[in-house]
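Down below is the structure, laid out as structure tokens.
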Amino acid sequence: MDFDDDSGEFSRLHNLFTFHLGIAVSLSWLTSLYACLYAPWVRNIRPLIDPSSAGPVESTWSYLFIFPVVLTAAWLVSIFGQNVLRHFRLLKNQVVEFGVAAAVAFVLFYLSIDRAVAAMLLGL
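If you read the sequence shown in my numbering, its first letter stands for residue -15, the second for the next number, and so on.
Set out below in structure tokens:
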């Protein structure tokens, strides 16, 4: 495999990853914005969701919007840092590297939706 084939494979995987990450970012923001209409706006939402937890204090704003913000930052870095990402490799196989990145993005997306649904259920 020469450099041109390697570059074409990276571009194909990067475009596919960036497109799907953009969809995840959009859905994450839409769900969080919808949930903010129903969520109780308090300084510490954790005891309302799980009364037995003694976790850190987390306001409704940070509870709902931290994961969409992180996903948006990752999406923007992915878009504007394509050339840097092309030369920066952690693994030898690009497919595995993009798979790991997709798995991490999916976990963040899942946590974002999970938090939004938990906040919506509090408001009902």
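The beta carbon of each residue, even a glycine, is placed where N, CA and C say it ideally should be.
Subject >> Spatially closest choice to Pro52 from Ala89, Val84, Ala23, by CA coordinates >> reply: Ala89
Subject >> Contact between the region 24 to 44 and the region -5 to 12 (3+ Cβ pairs under 8 Å) >> reply: At 8 Å Cβ cutoff, the stretches do not touch.
**OP:** Assign Ser(-9) to buried or exposed, taking buried as 16 or more other Cβ atoms, counted over all protein chains shown, within 10 Å of its Cβ.
**Re:** With fewer than 16 Cβ atoms within 10 Å of its Cβ, Ser(-9) is classed as exposed.
Original post:
Count the other CB atoms within 10 Å of the CB of Phe49; is the residue buried (16 or more) or exposed (fewer)?
Top reply: buried
Original post:
Which term fits Trp59, buried or exposed, when burial requires 16 or more other beta carbons within 10 angstroms of its beta carbon?
Top reply: Trp59 comes out buried.
**OP:** Could you tell me which of Ser16, Ser10, Leu11 sits nearest to Met104, measuring between CA atoms?
**Re:** Ranking Ser16, Ser10, Leu11 by Cα distance to Met104 puts Ser16 first.
Original post:
Below 9 Å between beta carbons: does that hold for Ala8 and Arg99?
Top reply: no
Subject >> Member of Ala86, Asn67, Tyr94, Pro31 whose CA lies at the smallest distance from the CA of Leu5 >> reply: When each option's Cα is compared against that of Leu5, the closest is Ala86.
**OP:** Identify, in the order they occur along the chain, each residue of the same chain with its Cβ nearer than 7 Å to the Cβ of Leu74, setting aside the five sequence neighbours on each side.
**Re:** Excluding its 5 nearest sequence neighbours in each direction, Leu74 has C-beta neighbours in its own chain below 7 Å: Glu81, listed in chain order.
**OP:** Within 10 angstroms of the Cβ of Leu14, are there 16 or more other Cβ atoms? Answer buried if so, exposed if not.
**Re:** exposed
**OP:** Measure the beta-carbon distance from Ile33 to Leu106 and round it to whole angstroms, keeping in mind my assumption that it falls under 8 Å.
**Re:** Here Ile33 really is in contact with Leu106; their C-beta atoms are around 7 Å apart, less than 8 Å.
Original post:
Straight-line CA distance for Phe1 to Ser10?
Top reply: Cα to Cα, Phe1 sits roughly 14 Å from Ser10.
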